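Residue numbers (the numbering used here), protein chains in the order written: chain E, 60 to 827; chain H, 15 to 589.
Okay, structure first, notes after.
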């Protein structure tokens, strides 16, 4: 007996494998379950396997297949082998595939194609009025379920996607509806489909096993299946809080909060991270030190949570609390509202904040804090890999942004490799495959997501996702750094501003597309000072520029003032990648940005603010390096600059000023970086804000993805008509005079003048 | 002796070229982070905003409404501008004059006053014009304030920064307010239906332009594809490539573009052009599904059973398979980019740092950096940037024209060094491999009348509208130190077009020298504001002369050398 399952994601494989084992153990069915992850486009070799499995299968499940190319090919294959299949059960796929469902007499193609259910139920087959209305009801549910994905896509097209919450409710209501549908007669197959859908909605290991059994028992004529009992679906809450250490899930925040406090008292473990570093400053689940996490519901339900568990523990190891919440596939707002927003009347925290705001009416930080006053979390981390509102088939980013604005906390989206294996990602020089990059990076970005960190994924020969431990730790530390940045007194914070200078000569200091950098920085410093950041404000933008260009630059023969001489020994200690850099650039310190054996850091320090100039790629005067097809590592000076900011100056955040620098273009994977990638190593744990031109979303996106930057867009300069000037204006006058003139002689005379004038203006080539 | 009709045509042509310069939108200065724009600077931009239909704001282009109100019918905006008659020209001028009046009224008196006025002088129903004026009013009000610095401060306090689209303000007024977290787009949405429709016109004009100059269609073209314009236009550049190949994007049940289908030759009514696509590293990253789509399109076209003279892709692929006995996968490679995780051609670095001896080096460097193939082979396996230098050399050897789509006036071909590194770099590479300089074209799709221009025409237009224009350079010089650096960068980027494509006339350098260096007062200003950049500027002009791009009298060269030495004295004094 054979079942083939086509699916997407990482939650189903483990329960399927355990179902195979359990069913064989319990019933001795000699069952084999083949599973194919359709997350990415398949190669020809993989299609050969697919065809082989389809050719030998009694039952086929097709679940969540959304990729147009895979779907088209699968349709052909299904048709080719249809005689062999006892049933084909398609769930939540695109419309063409949905119509391939084959279960007894169920004709989903016809059902999805007609407007109302009445013609499906002839008077003969259904006896009473009561039964007919129930039948209609179940058919309507089936139609809704069957056209789910298509409807979602359409709703997005028509910008009218308000039905996502209905999906959530289905999980709760469907078993109740089904109880009244007869299991025999005309509605038998309808009932079977909906029952299977119920198991699928709650993919606990037991339900996945029951789903397989239900299909086998009803559609495979085999004596051994007669005694099989298919248990009713296990019911799981549609939204809840999950924690790896908790014995159960929590349906209310209060229950979770109580458990969390008890656990904290019990463990009493010394905090790994001090409050100064952004660790706990209050009781557990204090809103300022709590990270809200959105987990995929199917993963938690089917107990494929190793990757979540490790990330949660990594975050807690940084001294932060967590509220991990089961996200639903289609719309995360309900879960967020329920668990992350404090709905009650003003809490004491809010009150004190409002008082603060009154005392310092000028401070944006205090005023604006009030917007998100009801939030129980300091940052929101989505681990779903989908849009915040809309799920896999569509994205309602306007609704997402609106909700997240109310919550007013940074929104992060981290990635689990569900559509490719950890090994394929590791060896890939591009990183995420196109499907993952599109779905898990590009779409969450439209919701305002940042920090696209890869934290886990499927191992090549495993059945469930695991954590990438080094990535979890790095990500957790970045979250902790962000936490400190957002909560510490402004006077204690240190900021590093990075300017550019390209091509590298003094005249180009402050390079940035369309931006006058020094007045921009100076204006920003003024406001930072007013906010309470401690800094020595120069008298004017010009003075700031002179501080940078002058100073000791002559002594060092450098473009910019040298703020720090980093000893090579210190460089080796602070930068763990020196060995690799040396393979490319020779032994440290090298020749770029160095003086007497030290690495020079270019910039000035003004109190708690460092303003530095990013080193160049290092191509100057080195044509051989330019001619290489693959760029090398950053040079020692570049590495030293970033190591200085994070570890010597101890910045709490870096602000890159203007479009654009070189760091985010350093070699590494394209998207979904690893710890081997140079931008990832350079930015380290530093929160990264990037002042970026609004008209350059393309290079800006590279900064977001490869250096974890949050962009703050700036306006482009005023634009006006060029107008005409000098002799061009004269020429236009002559042309207008010619057009007005009526007398031939006059026109001839004017034409001669036009010819002379236009030749002088070098129009001679093309026109005259 | 010129006939009177011939004279009229020439004058109207010239008029058209002057108008093109006069009406070109240029940035007049730089932005300062956090500062709102000044009201008086907005009029021309708002006028441009009003010149497009905007279905999302339910608003129509004012020039069309005015022309209709005056009974002119359609403004013939899709007609080749240079073929218009005196009468049509007068109608256009009348429409433009009325629009000017209406915009002045709007700036002074607001929505209702302007709508009423248009009714009075051009019989435009206020119901039709109001949505447009309301949009202008909203933009105007949003520009009154600027919250960029506040957004930065809020981000530092751990608040949510709203996402926002990235574009020019004229293209997409929804970029306001700024101070948001700019995002790209869903790559599966590309190309949009609107983009595909617009691209048909551009591809047609591009081929017509080549045909008018060469008497036939180009057999093969090389296209540069960037993320920049394809994000902002939802894939017009991608759609142009598909049109040249003669294929149509197909959407799946989730409305995602994942397939292509061939447009029948009977419908296409022209041959399918072979297209070599060099995509930027950024495009490759942001549009990875689109890269596969483009590769798929080439493979599809190459396998169509069509006559060789109507399917240049198939012809070239078949020829190559026969002559080199390579397989189909090798012969059909057309999508190239950098090595994985690498970006840029480095041509710009080499030019800026004057590190090259022969121009050939620049073209070779381009190929070295960009010869990595992407797509999927016939076995469905992903090609993740395989080095394919021979394939690229062969593909470029057939190329007769190179092209890049430009969707914006904000980032022009001499504003940044990336245009010459790409379009210039590939043109130079073609020149050596095809043993002939290709025709080089650019489109200008952000105008009511999408235009195709040669590179030479575009360099001239940019020079006249920007570099030599007092409105532009005085706008820059308001920013003092940085303004001088901007002027120097423009000249260096212009020089990049000499180095890679020999597309700059002598007069351009002569006029630059006259405007900025031979004018004593201007030289003094530049030297005072930013002697470093003034020094670089003189150096670059001397390099242009030294490399043979600028034929100029020896007195001028001597004078420039004097200026250099004066500046060096000054720099040593101040340093």
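Ideal Cβ positions, reconstructed from N, Cα and C, are used throughout, including at glycine.
For clarity, every value in this text was computed on a predicted model and none was experimentally measured.
{"Asked": "Cβ pair residue 316 of chain H, residue 305 of chain H closer than 8 Å", "Found": "no"}
{"Asked": "Distance between beta carbons of residue 302 of chain E and residue 383 of chain E, contact taken as under 8 Å", "Found": "6 Å"}
{"Asked": "Which of helix, strand or coil DSSP assigns to residue 811 of chain E", "Found": "helix"}
{"Asked": "Start and end residues, alpha helix (DSSP H) containing residue 342 of chain H", "Found": "342-345"}
{"Asked": "Stretch pair the stretch 123-134 of chain E + the stretch 454-467 of chain E: three plus CB contacts closer than 8 Å", "Found": "no"}
{"Asked": "Under 8 Å by beta carbon: chain E residues contacting residue 534 of chain H", "Found": "Simply none; closest approach about 17 Å."}
{"Asked": "Cβ neighbour criterion (16 or more within 10 Å) applied to residue 250 of chain E", "Found": "buried"}
{"Asked": "Beta-carbon neighbours of residue 794 of chain E, restricted to chain H and to distances below 9 Å", "Found": "25, 26, 28, 29, 32"}
{"Asked": "Per-residue DSSP class, three states only, for residue 337 of chain H", "Found": "helix"}
{"Asked": "Residue 803 of chain E burial status per 10 Å Cβ neighbour count (16 or more: buried)", "Found": "exposed"}
{"Asked": "Min CB distance residue 390 of chain E to chain H below 8 Å", "Found": "no"}
{"Asked": "Min CB distance residue 470 of chain E to chain H below 8 Å", "Found": "yes"}
{"Asked": "Among E:488, E:619, E:631, E:502, nearest to residue 453 of chain E - alpha-carbon criterion", "Found": "E:502"}
{"Asked": "Residue range of the alpha helix (DSSP H) that includes residue 555 of chain H", "Found": "545-560"}
{"Asked": "Which of helix, strand or coil DSSP assigns to residue 120 of chain E", "Found": "strand"}
{"Asked": "Buried versus exposed call for residue 476 of chain H [16 or more other C-beta atoms within 10 Å across all chains shown]", "Found": "buried"}
{"Asked": "Min CB distance residue 240 of chain H to chain E below 8 Å", "Found": "yes"}
{"Asked": "Within 8 Å, strictly: CB atoms of residue 265 of chain E and residue 290 of chain E", "Found": "yes"}
{"Asked": "Residue 449 of chain H, DSSP secondary structure in three states", "Found": "coil"}
{"Asked": "Any C-beta of chain H under 8 Å from that of residue 754 of chain E", "Found": "yes"}
{"Asked": "Alpha helix (DSSP H) segment containing residue 215 of chain H, residue limits", "Found": "207-228"}
{"Asked": "Simplified DSSP state of residue 292 of chain H, which is helix, strand or coil", "Found": "strand"}
{"Asked": "Residue-level contact to chain E via CB, residue 393 of chain H, 8 Å cutoff", "Found": "yes"}
{"Asked": "Below-8 Å beta-carbon distance, residue 175 of chain H vs any chain E residue", "Found": "yes"}
{"Asked": "Sub-8 Å separation of residue 821 of chain E and residue 521 of chain H beta-carbons", "Found": "yes"}
{"Asked": "CB contact check: residue 546 of chain H to chain E, cutoff 8 Å", "Found": "yes"}
{"Asked": "Helix, strand or coil at residue 455 of chain H according to DSSP, with G and I counted as helix", "Found": "strand"}
{"Asked": "Status (buried if at least 16 other CB within 10 Å, exposed otherwise) for residue 185 of chain H", "Found": "buried"}
{"Asked": "CA-to-CA distance, residue 68 of chain H to residue 126 of chain H, given in whole angstroms", "Found": "20 Å"}
{"Asked": "9 Å Cβ cut-off: residues of chain E touching residue 39 of chain H", "Found": "778, 779, 780, 781"}
{"Asked": "Through-space distance from residue 484 of chain E to residue 722 of chain E, alpha-carbon basis", "Found": "22 Å"}
{"Asked": "Chain-ordered chain E contacts of residue 397 of chain H [CB-CB under 9 Å]", "Found": "Simply none; closest approach about 11 Å."}
{"Asked": "Chain H contact residues for residue 586 of chain E, given Cβ-Cβ distances below 7 Å", "Found": "163, 167"}
{"Asked": "Residue of E:777, E:597, E:690, E:304 minimising C-alpha distance to residue 381 of chain E", "Found": "E:304"}
{"Asked": "Simplified DSSP assignment, three categories, for residue 748 of chain E", "Found": "strand"}
{"Asked": "Residue 349 of chain H: contacting residues in chain E (beta-carbon distance under 7 Å)", "Found": "The contacting residues do not exist; residue 349 of chain H stays about 13 Å from chain E at best."}
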